[in-house]
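Shown next, in structure tokens, is the structure this report addresses.
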Amino acid sequence: MSRLTIKIEPEHHRQIKTMATFAGMTIKDFILAKTLGGDAEEEPDATDHLLSSPENAKLGI
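For what it's worth, numbering that gives the first Met the number 0 labels the leading residue of the sequence shown as 0, then goes sequentially.
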């Protein structure tokens, strides 16, 4: 498992923590749900799909 660390303002941390709490989630689960649309294991090939898109092919990714 990888670790991700970001620096954010204390006010943003408080807001995210509050929204996660109201959703009954941990900050980790809340952020993953908002960025990945739920459980990351639901679509394991989503990254491959994005990387193989024509737009990314132009960039040589």
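A virtual CB, placed ideally from N, CA and C, is assigned to each residue, including glycine.
Contact set for residue i: own chain, Cβ-Cβ below 6 Å, skip 5 residues either direction
| i | result |
| --- | --- |
| residue 19 | 26, 29 |
CA-to-CA distance, residue j to residue i, given in whole angstroms
| i | j | result |
| --- | --- | --- |
| residue 16 | residue 55 | 34 Å |
| residue 31 | residue 52 | 23 Å |
| residue 24 | residue 14 | 14 Å |
| residue 5 | residue 12 | 10 Å |
| residue 33 | residue 1 | 18 Å |
| residue 21 | residue 7 | 20 Å |
Own chain, CB closer than 8 Å to residue i, minus 5 neighbours either side, in chain order
| i | result |
| --- | --- |
| residue 49 | 55 |
| residue 9 | none |
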